[in-house]
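Contents: one structure, followed by commentary.
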Amino acid sequence: MAILIRTSSEAVFFRLFFVLGLLLLPPSALAQSPSADKWETSIAQFQAQDRQSSPPKDAVLFVGSSSIRLWDLAQSFPDLATINRGFGGSQMSDVVRYARRIITAYKPRLIVLYEGDNDLAAKETPDQVAADFDELLKIVRADLPTTPLVVIGAKPSPKRWAIIDQQRQLNRLLAEHCAKDGRATFLDVEQPMLGADGQPKASLFRDDDLHLNAEGYKLWTSLLSPLLTATPAPGPNR
0 MAILIRTSSE
10 AVFFRLFFVL
20 GLLLLPPSAL
30 AQSPSADKWE
40 TSIAQFQAQD
50 RQSSPPKDAV
60 LFVGSSSIRL
70 WDLAQSFPDL
80 ATINRGFGGS
90 QMSDVVRYAR
100 RIITAYKPRL
110 IVLYEGDNDL
120 AAKETPDQVA
130 ADFDELLKIV
140 RADLPTTPLV
150 VIGAKPSPKR
160 WAIIDQQRQL
170 NRLLAEHCAK
180 DGRATFLDVE
190 QPMLGADGQP
200 KASLFRDDDL
210 HLNAEGYKLW
220 TSLLSPLLTA
230 TPAPGPNR
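In numbering that gives the first Met the number 0, the protein residues as written are 0 to 237.
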């Protein structure tokens, strides 16, 4: 009888210990754990593609959400070696999680990043997204200390016009963090995408009022192209 009581007490103790452990976890860990491998299939597909056909060396690597994934890089930059590692619906924290597999592993000549749009739509704060960007910078700079990075600011769109104030705050933070890095450049696309009425130009978007159409990418290409000629400063980059 004594043994049964002791066993029952131990079971209660371990259940309490488990619950207390969950309570002590940071909210972000609880939120991310169910979807920690949400993008694993997409990342694994990238790696499978690389095994079938070796990606170009010293390329310009584009990474980020659907604004990157849907970009026809070969058409926009026919004279550049490019790698597209966009995965639609992703957030800055997702790029952080897979950075060593989809960024630094390629040792690119230059990196182009677009994230933050989905993050804010998912109720992340600008400060949270900027903190995730700092984590990404740490990973990138550990392996690629001199590689230029271009960060495209959160774009204004008809669908997400209600969060334009948060986007502007995020863009200010990203611009500040790029300046501190010294080898990162912030590209603000907001003003060129607004019409005379101060609203996003509908002519730049697909029917969903969120994703860019051919005209939208033509504009982005013209804004980005002058920044893609940057070369890494001397240093132990590889």
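Ideal placement from N, C-alpha and C gives every residue a C-beta, glycine not left out. If you're wondering where the values come from, they're calculated on a predicted model, not measured in any experiment.
Item to check | Span separating the alpha-carbon of A43 from that of Q51 | outcome: 13 Å
Item to check | Rounded separation between A274 and G194 - CA only | outcome: Residue 274 cannot be examined here, being either before or after the span of the chain that is shown, 0 to 237.
Next on the checklist: Closest to D206 by C-alpha separation, out of V95, K179, P157, would be which residue?
Outcome noted: P157
Next on the checklist: Contact between the stretch 71 to 86 and the stretch 114 to 123 is defined here as three or more beta-carbon pairs at a separation below 8 Å; is this criterion met?
Outcome noted: Note that the stretch 71 to 86 does not touch the stretch 114 to 123; fewer than 3 beta-carbon pairs, one per stretch, sit closer than 8 Å.
Item to check | Per DSSP, the bridge partner or partners of G181 | outcome: Note: G181 sits in no beta bridge, so no partner.
Checklist entry - What whole-angstrom Cβ distance do F61 and T40 have, given they're in contact under 8 Å? => result That pair is no contact at about 20 Å.
Item to check | Three-pair Cβ contact test at 8 Å for the stretch 218 to 225 versus the stretch 90 to 97 | outcome: no
Next on the checklist: Can you tell me whether G63 is helix, strand or coil according to DSSP?
Outcome noted: strand
Next on the checklist: Can you tell me whether G215 is helix, strand or coil according to DSSP?
Outcome noted: helix
Item to check | Best match in Q166, K179, S202, D78 for proximity to Q127 [C-alpha to C-alpha] | outcome: Q166
Item to check | Whole-angstrom distance between D208 and A201, CA atom to CA atom | outcome: 7 Å
Checklist entry - Which residues share a DSSP beta bridge with P199? => result L193
Checklist entry - What span of residues does the beta strand (DSSP E) with T81 cover, start to end? => result 81 to 85
Next on the checklist: Mapping the DSSP letters down to three states, classify V95 as helix, strand or coil.
Outcome noted: helix
Checklist entry - Using DSSP with H/G/I as helix, E/B as strand and the rest coil, what is I151? => result strand
Checklist entry - Starting from I110 and walking both ways along the beta strand (DSSP E), at which residues does that stretch end? => result 109 to 113
Checklist entry - For L169, which residues from the same chain have a beta carbon less than 7 Å from its beta carbon, with the 5 sequence-adjacent residues on both sides left out? => result The answer, listed in chain order, is G115, L119, P125, V128, A129, A153.
Next on the checklist: For T228, count the other beta carbons within 10 Å of its own beta carbon; 16 or more makes it buried, fewer makes it exposed. Which is it?
Outcome noted: That one is exposed.
Next on the checklist: Going by C-alpha to C-alpha distance, which of F185, R159, D164 sits closest to P147?
Outcome noted: Comparing Cα positions, the closest option is F185.
Checklist entry - Ends of the alpha helix (DSSP H) at I138? => result 125 to 142
Checklist entry - To the nearest angstrom, how far is it from the Cα of P155 to the Cα of A174? => result 16 Å
Next on the checklist: Just to confirm my understanding: we take I67, look at its own chain, exclude 5 residues before and 5 after, and list those with CB closer than 7 Å. What are they?
Outcome noted: F61, N83, G85, Y113
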